[in-house]
Amino acid sequence: MLKRKPIYPGIIELNFQAGEVFGCNVYLVYNLDEWILIDIGYEETVEDFIEIIRQIDFPLSRCKTLVATHADVDHIQGLAKAKQILKTTATGHPNAVRPLREGDTLVTLAEIAAQNLKMTMPPVQIENEINDGDVLRVGNLEVEVWHTPGHTDSQLAFRIGDMLLSGDNIYRDGCIGAIDAHHGSDIKAFVKSLERIRDSDVKWLAPSHGPMFANNKDFMNRTIDRVRGYLKMADFGTLAESWPLMDQWDDEVAEGRLPEGLGAPD
1 MLKRKPIYPG IIELNFQAGE VFGCNVYLVY NLDEWILIDI GYEETVEDFI
51 EIIRQIDFPL SRCKTLVATH ADVDHIQGLA KAKQILKTTA TGHPNAVRPL
101 REGDTLVTLA EIAAQNLKMT MPPVQIENEI NDGDVLRVGN LEVEVWHTPG
151 HTDSQLAFRI GDMLLSGDNI YRDGCIGAID AHHGSDIKAF VKSLERIRDS
201 DVKWLAPSHG PMFANNKDFM NRTIDRVRGY LKMADFGTLA ESWPLMDQWD
251 DEVAEGRLPE GLGAPD
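Sequential numbering from 1 applies to the sequence shown in the UniProt record's numbering.
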């Protein structure tokens, strides 16, 4: 058996435990004789993660449920396979239920035709729906559920003491989860979710990709200010609320005004 390497009391991140990155971060949350997994990643790495769980001496039969942070393929493609192996249930936000049940390749970003990307998305039934304010109990441990939409409309985060398993909300370099209308992104909601994280007394953030880091207000504000700016940028299409340049163009057309030096000579 291998020595366990928890990142926080009751939490093991399986890539860190293995000393090798297989994909998205997969968190094993445990107390007494119960444990859950938060995300599972791609189908092809399910057996790798389960072997790690065996090696750190967690009985497979004691997995209480498999939790999806949201319905993106890189987090949950392996959910159906893991559920079958572990003979357990799946848990997620109500907005994740339909795309997971139907194996929707568009909403889960398993298929992006313009990039010639096409992955399978095995359908999986979600037995347990959870939402903001709910509590998952693992042994005597209470895991507080946060609904933090923005990246997707099903994005969840999970608070355990001073640690927030923060999903794809924010990473250590200040980047955020991809904004894409196809899987339910919402820039205004994203700003509110980031503000909630910033204003909480959570000390540590454990994201779904990359290393853990401290919750720092100045750091969070820089990202929040940048994301709020997206609301007025054409880069984000229908997800932006306005495009100030077009107001300027309205005025310039009405005034017949061109930049100095442009236009036919009199």
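Glycine included, each C-beta is placed from N, C-alpha and C at the ideal position.
With 16 as the cutoff for other CB atoms within 10 Å, does residue i come out buried or exposed?
| i | result |
| --- | --- |
| residue 41 | buried |
| residue 92 | buried |
| residue 140 | exposed |
| residue 244 | exposed |
| residue 109 | buried |
| residue 72 | buried |
| residue 17 | buried |
| residue 146 | buried |
| residue 2 | exposed |
| residue 168 | buried |
| residue 13 | buried |
| residue 200 | exposed |
| residue 5 | exposed |
| residue 106 | exposed |
| residue 123 | exposed |
| residue 99 | buried |
Can the beta-carbon of residue i be found less than 8 Å from the beta-carbon of residue j?
| i | j | result |
| --- | --- | --- |
| residue 138 | residue 204 | no |
| residue 153 | residue 132 | no |
| residue 38 | residue 165 | yes |
| residue 81 | residue 43 | yes |
| residue 189 | residue 149 | yes |
| residue 66 | residue 90 | yes |
| residue 30 | residue 49 | no |
| residue 178 | residue 209 | no |
| residue 76 | residue 101 | no |
| residue 160 | residue 207 | no |
According to DSSP, which residues form a beta bridge with residue i?
| i | result |
| --- | --- |
| residue 93 | Answer is none; residue 93 lacks a bridge partner. |
| residue 129 | 92 |
| residue 157 | 146 |
| residue 112 | 117 |
| residue 141 | 138 |
Grab the span of the beta strand (DSSP E) containing residue i for me, first residue to last.
| i | result |
| --- | --- |
| residue 150 | Element bounds for residue 150: n/a, residue is neither H nor E. |
| residue 138 | 135–138 |
| residue 165 | 163–167 |
| residue 205 | 204–207 |
Locate the alpha helix (DSSP H) running through residue i, then write down its first and last residues.
| i | result |
| --- | --- |
| residue 224 | 217–229 |
| residue 249 | 244–255 |
| residue 193 | 187–199 |
| residue 107 | Note, residue 107: premise wrong, no alpha helix (DSSP H); not H, not E. |
| residue 74 | 73–76 |
| residue 262 | From DSSP, residue 262 is part of no alpha helix (DSSP H); its letter is neither H nor E. |
| residue 85 | 79–86 |
### Query
What are the uninterrupted segments assigned as alpha helix (DSSP H) that are 4 or more residues long and contained completely in the segment 8–71, given in chain order?
Fully enclosed alpha helix (DSSP H) runs of 4 or longer: 14–18, 46–55.
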